[in-house]
Structure formats: C-alpha cells, structure tokens
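Residue numbers (full-length UniProt numbering): 1 to 94.
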C-alpha cells in the first residue's frame with residue numbers, strides 16, 4: 001500500500017475530527033436562553049429559562065398581539081438577553 005493512500009479507519013477518523021471541529025466552532029456561538037415569553041390567563045408573562053418561574057407579569061393582552069405571535073406564545077418565545085426582553089416589552093406594550 002502506498003503511503004498516500006488512506007485506509008478506511010483513517011478516513012473515518014479524519015471525518016470525525018472535522019465534524020468535532022465544526023461542532024465546537026458552532027457551539028462557541030450559542031446563546032443560552034434567559035427568558036421565555038408565555039401567555040397566561042390572556043396576558044403575556046415573562047418566565048425564566050426553566051419555563052416555570054415567573055420573572056414578570058405584564059399588562060400586555062394576548063388578543064392585542066399579531067396572530068403569528070399569539071401562536072408562538074403557546075410553546076414560549078425564547079429571549080436570550082435582557083436587551084431582547086426590553087425590546088419585546090417596548091414593542092408590544094401600549
């Protein structure tokens with residue numbers, strides 16, 4: 001076998017190394033969810049990342065939000081920073 005030829009295990013190992021490098025690179029850019037926006041009893045509620053601990057109850061009525069946003073509230077809208085929370089509240093508060 002010539003030294004320029006790769007064996008199958010070498011090819012697999014090289015591919016795995018490349019995949020690991022790509023994954024590590026993409027993970028370094030991940031943001032972690034800080035808040036979730038939910039609907040509760042007709043109002044928008046801001047919860048912490050655990051989806052359960054209420055961070056803030058708002059006076060924003062769900063019925064006054066755009067329909068696509070209303071449907072997103074069912075699963076919760078992820079916000080990744082205080083700035084995103086502030087923007088959301090600023091955009092949808094009356």
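Just so you know, even glycine gets a beta-carbon here, dropped at the ideal spot from N, CA and C.
What does DSSP give as the partner residue(s) for residue i in the beta ladder?
i	result
residue 17	None, per the DSSP bridge assignment.
residue 57	45
residue 95	Absent from the structure is residue 95, since the part of the chain shown begins at 1 and ends at 94.
With DSSP collapsed to three states, give me the class of residue i.
i	result
residue 79	strand
residue 41	coil
residue 74	coil
Can you give the beta carbon distance from residue i to residue j, rounded, assuming they're within the 8 Å contact cut?
i	j	result
residue 45	residue 57	5 Å
For residue i, I'd like the list of residues in its chain whose CB is within less than 7 Å of its CB, leaving aside the five on either flank, ordered along the chain.
i	result
residue 70	62
residue 51	36, 76
Closest to residue i by CA distance: which of the options is it?
i	options	result
residue 48	77, 66, 65	77
Below 8 Å CB to CB, which residues in the same chain sit around residue i once its five sequence neighbours on both sides are set aside?
i	result
residue 73	37, 38, 39, 44, 62, 65
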